[in-house]
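What follows is one structure encoded as structure tokens, with my remarks underneath.
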Amino acid sequence: MKVALASDHGGIHIREEIRNLLEELNIEYEDFGCDCADSVDYPDYAVPVAEKVANGEFDRGILICGTGIGMSISANKVKGIRCALVHDVFSARMTRLHNNSNVLAMGERVIGAGLAREITQTWLQTDFEGGRHQTRIGKIAEYEENI
Numbered sequence: 766m767k768v769a770l771a772s773d774h775g776g777i778h779i780r781e782e783i784r785n786l787l788e789e790l791n792i793e794y795e796d797f798g799c800d801c802a803d804s805v806d807y808p809d810y811a812v813p814v815a816e817k818v819a820n821g822e823f824d825r826g827i828l829i830c831g832t833g834i835g836m837s838i839s840a841n842k843v844k845g846i847r848c849a850l851v852h853d854v855f856s857a858r859m860t861r862l863h864n865n866s867n868v869l870a871m872g873e874r875v876i877g878a879g880l881a882r883e884i885t886q887t888w889l890q891t892d893f894e895g896g897r898h899q900t901r902i903g904k905i906a907e908y909e910e911n912i
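Take any residue in the sequence shown, note its place counting from 1, add 765, and you have its number in the numbering used here.
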């Protein structure tokens, strides 16, 4: 698995924790920033990560901002992306099992580093169930093709 990782200024601390987790799990990743505490625009980080996942350069993406909302909205504008905003372990598991999410968004001002690590590990280690869920995802993809 290869993961694209990014945050805006509101997510730099949790992004550091997630980098450490990815290294502990021996998961290949690339960090796309940001590298400052100064205010930056979250779409400048979310969209490139989402595009890299959508075009197959990376298997999954992880995005962090203050709430996760801006990152998830931005990422979901990219065709083929199913970005889930997650702030609990149960949702992390379900978004992989049922929705086959390929990008995870979290909010540093909403959750702490420990929970972010648990969410990320669950999300990374949960496989898609397929079956009836694949039919539903297929309907989303079909809609995307027609807009």
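Just so you know, even glycine gets a beta-carbon here, dropped at the ideal spot from N, CA and C. Note that the structure is a prediction, hence the values are computed from the model and not measured.
- Task: Assign Asn-867 to one of two classes, buried (16 or more other C-beta atoms within 10 Å of its C-beta) or exposed (fewer than that).
- Result: Translated into the one-based positions of the sequence shown, residue 867 becomes position 102. Asn-867 is buried by the Cβ-count criterion.
- For Gly-826, name the three-state secondary structure that DSSP assigns. Your numbering for residue 826 matches position 61 in the sequence shown. DSSP places Gly-826 in strand when its eight states are reduced to three.
- Which value, in whole angstroms, describes the spacing of the CA atoms of Gly-826 and Arg-784? The residue labelled residue 826 in the question sits at position 61 within the sequence shown. The residue labelled residue 784 in the question sits at position 19 within the sequence shown. Each residue's Cα considered, the two are about 12 Å apart.
- Task: Rank Glu-782, Ala-819, Thr-891 and Thr-900 by C-alpha distance to the C-alpha of Ser-860 and give the top, closest one.
- Result: For the purposes of this step, residue 860 is identified with residue 95 of the sequence shown, where counting begins at 1. It should be pointed out that residue 860 corresponds to Thr in this sequence rather than to Ser. Cα-wise, what sits closest to Thr-860 is Thr-891.
- Query: From what residue to what residue does the beta strand (DSSP E) around Glu-793 run?
  - Reply: For the purposes of this step, residue 793 is taken as residue 28 along the sequence shown, with counting starting at 1. That run of the beta strand (DSSP E) goes 793 to 796.
- Task: Measure the beta-carbon distance from Pro-808 to Ser-839 and round it to whole angstroms, keeping in mind my assumption that it falls under 8 Å.
- Result: Residue 808 sits at position 43 when you count from the first residue of the sequence shown. Residue 839 sits at position 74 when you count from the first residue of the sequence shown. Yes, they are in contact, since the Cβ atoms of Pro-808 and Ser-839 sit about 4 Å apart, within 8 Å.
- If you pair each beta-carbon of the region 782 to 801 with each one of the region 891 to 910, do three or more pairs fall below 8 Å? no
- Task: Reducing DSSP to helix, strand and coil, say where Leu-770 ends up.
- Result: Here the question's residue 770 lines up with position 5 in the sequence shown. Here Leu-770 sits in strand by DSSP.
- Message: Along the chain, where does the beta strand (DSSP E) containing Val-868 start, and where does it finish?
- Response: Counting from 1 along the sequence shown, the entry for residue 868 is found at position 103. Start and end: 868 to 872.
- Query: Can the beta-carbon of Val-854 be found closer than 7 Å to that of Thr-900?
  - Reply: By one-based count along the sequence shown, residue 854 stands at place 89. By one-based count along the sequence shown, residue 900 stands at place 135. Cβ atoms of Val-854 and Thr-900: not closer than 7 Å.
- Query: Hey, quick one: how far does the beta strand (DSSP E) through Ala-849 stretch, first residue to last?
  - Reply: In the sequence shown, residue 849 corresponds to position 84, counting from 1. Start and end: 848 to 850.
- DSSP on Ala-802, reduced to helix/strand/coil? For the purposes of this step, residue 802 is taken as residue 37 along the sequence shown, with counting starting at 1. Three-state DSSP puts Ala-802 in coil, outside helix and strand.
- Going by other Cβ atoms of all chains shown within 10 Å of its Cβ, with 16 needed for buried, is Ala-769 buried or exposed? Here the question's residue 769 lines up with position 4 in the sequence shown. So Ala-769 ends up on the buried side.
- Task: Can you grab the Cα-Cα spacing for the pair Lys-767 / Phe-823, in whole Å?
- Result: Here residue 767 corresponds to residue number 2 of the sequence shown, with the count starting at 1. Here residue 823 corresponds to residue number 58 of the sequence shown, with the count starting at 1. Computed Cα separation, rounded: 5 Å.
- Item | Residue nearest to His-778 in terms of C-alpha spacing, selected from Gly-872, Leu-889, Asn-841 and Gly-845 | The residue you call residue 778 lines up with position 13 of the sequence shown. Looking at the Cα atoms, Gly-872 is the closest of the given residues.
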